[in-house]
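Position 246 of the sequence shown, counted from 1, bears residue number 251 in this note's numbering, the numbering being contiguous throughout. What follows is a set of notes on a single structure, which appears directly below.
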Amino acid sequence: MSSRQAFLVILLLSGCAVAQAPGPQVTMPSSGYAGLDKYRASRIAIFVNDYGELARYREANAALKLAAPGENRVVFFGDSITDIWKLDESFPGKPYINRGIGGQTTSQMLVRFRQDVIDLRPKAVVILAGTNDIAGNTGPISNQDIEANLASMAELARVHGIRMIVSSILPVNNYTSGPRDFFEQRPLERILALNSWLKGYCNKNHLTYLDYFSAMVDSKGLLQRDLANDGLHPNKAGFAVMAPLAEKAIERTLRQSTQ
Numbered sequence: 006m007s008s009r010q011a012f013l014v015i016l017l018l019s020g021c022a023v024a025q026a027p028g029p030q031v032t033m034p035s036s037g038y039a040g041l042d043k044y045r046a047s048r049i050a051i052f053v054n055d056y057g058e059l060a061r062y063r064e065a066n067a068a069l070k071l072a073a074p075g076e077n078r079v080v081f082f083g084d085s086i087t088d089i090w091k092l093d094e095s096f097p098g099k100p101y102i103n104r105g106i107g108g109q110t111t112s113q114m115l116v117r118f119r120q121d122v123i124d125l126r127p128k129a130v131v132i133l134a135g136t137n138d139i140a141g142n143t144g145p146i147s148n149q150d151i152e153a154n155l156a157s158m159a160e161l162a163r164v165h166g167i168r169m170i171v172s173s174i175l176p177v178n179n180y181t182s183g184p185r186d187f188f189e190q191r192p193l194e195r196i197l198a199l200n201s202w203l204k205g206y207c208n209k210n211h212l213t214y215l216d217y218f219s220a221m222v223d224s225k226g227l228l229q230r231d232l233a234n235d236g237l238h239p240n241k242a243g244f245a246v247m248a249p250l251a252e253k254a255i256e257r258t259l260r261q262s263t264q
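In structure tokens form, the structure reads like this:
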């Protein structure tokens, strides 16, 4: 073996050794909540490989037929509260499509807005988002940045002729024996501030504001005890309150679009 060949062999073996060496250990900054830290650690692969989780509905979207002439297709777009909502039970016979993904923030939703809303060509979209932003699911974020994400989605919808229905962020409570993190991560002041901005933005931009909060809050400013089993996610009774409010908002919005 020549000296040149020997050098190449050594170099190749060295490269293999480097490639197989363990990489640096990454320690995520603590949020101050053990449950949230555990959740975020479990989502690292998603945050790195498919931040917007486009894979979740890609096949379903491809299989979805174009809306029939005169069909009032509506997309419900949001996080786990939308994800767990059985739309076929709340709105039997309605061409409503669920595109909720549990745990998502508005930053993630903005990434998938084109695929999961625009490309489905609905007449309207019902957006319910923001509670996970406040909680810090994808890291700390200011109210101003949450507002910017929602405004960007509204502008995209407008350009594509999709009427937008913006839902208030729901109240939360600590009446249950379940995870208290859900409540502590979502200060009432931030919920109220964002809802105030949402209502004002809708009025200014001629969008429909869907006020779930007022119908679900109790005298203490918390989510009514019987509307959720964990203090955050509506149960059957909770969705029974939300469904007629959503239906009225959809009917009003679609009626306005024909005027």
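Think of the CB as a built atom: it goes at the ideal place given N, C-alpha and C, for glycine as much as any other residue.
Does the distance from the C-beta atom of S85 to that of G57 stay below 8 Å? As a working note, residue 85 is residue 80 in the sequence shown. As a working note, residue 57 is residue 52 in the sequence shown. The answer is no: Cβ separation not under 8 Å.
Opposing strand residues paired with N142 [DSSP bridges]: Position 137 of the sequence shown, counted from the first residue, corresponds to residue 142. DSSP, once it has assigned bridges, lists G144 as partnering N142.
Output needed for P249: all residues of its chain with C-beta closer than 7 Å, excluding positions within five of it in sequence on either side, in chain order. As a first step, residue 249 must be located in the sequence shown, where it is residue number 244. There are no such residues.
Which residue marks the beginning of the beta strand (DSSP E) containing G40, and which one marks its end? Position 35 of the sequence shown, counted from the start, is the residue given in the question as residue 40. Element bounds for G40: not the beta strand (DSSP E) but the alpha helix (DSSP H), 39 to 47.
Determine the contact status of R78 and P100, defining contact as a CB-CB distance below 8 Å. Here residue 78 is taken as the residue at index 73 of the sequence shown, counted from 1. Here residue 100 is taken as the residue at index 95 of the sequence shown, counted from 1. A contact, by the Cβ cut-off of 8 Å.
In three-state terms, what does DSSP make of V164? Translated into positions along the sequence shown, residue 164 becomes position 159. Of the three classes helix, strand and coil, the one that applies to V164 here is helix, per DSSP.
Quick check on DSSP: helix, strand or coil for I132? On the sequence shown, residue 132 is found 127 positions in, with the first residue counted as 1. Strand at I132.
Three-way DSSP call (helix, strand, coil) for A233 in this model: Reading the sequence shown from its first residue, position 228 is the one you call residue 233. In this structure, A233 counts as strand in the three-state DSSP scheme.
Where do the N-terminal and C-terminal ends of the alpha helix (DSSP H) with R195 fall, by residue? Taking the first residue of the sequence shown as position 1, residue 195 is located at position 190. Run containing R195: 193 to 210, per the alpha helix (DSSP H) assignment.
Which value, in whole angstroms, describes the spacing of the CA atoms of G105 and R45? To locate residue 105, count along the sequence shown from 1; it is residue 100. To locate residue 45, count along the sequence shown from 1; it is residue 40. Within the model, the alpha-carbon separation for G105 versus R45 is close to 19 Å.
Cβ pair N2, A251 closer than 8 Å: Because the chain here runs from 6 to 264, residue 2 falls outside it and cannot be looked at.
Three-state secondary structure (DSSP) at T213? As a working mapping, residue 213 is identified with position 208 in the sequence shown. Here T213 sits in strand by DSSP.
Who pairs with G57 in a beta bridge, going by DSSP? Mapped onto the sequence shown, residue 57 falls at position 52. Partner(s): none; G57 has no beta bridge.
Does the beta-carbon distance from V177 to L228 come in below 8 Å? Within the sequence shown, numbered from 1, the residue matching residue 177 stands at position 172. Within the sequence shown, numbered from 1, the residue matching residue 228 stands at position 223. Cβ atoms of V177 and L228: closer than 8 Å.
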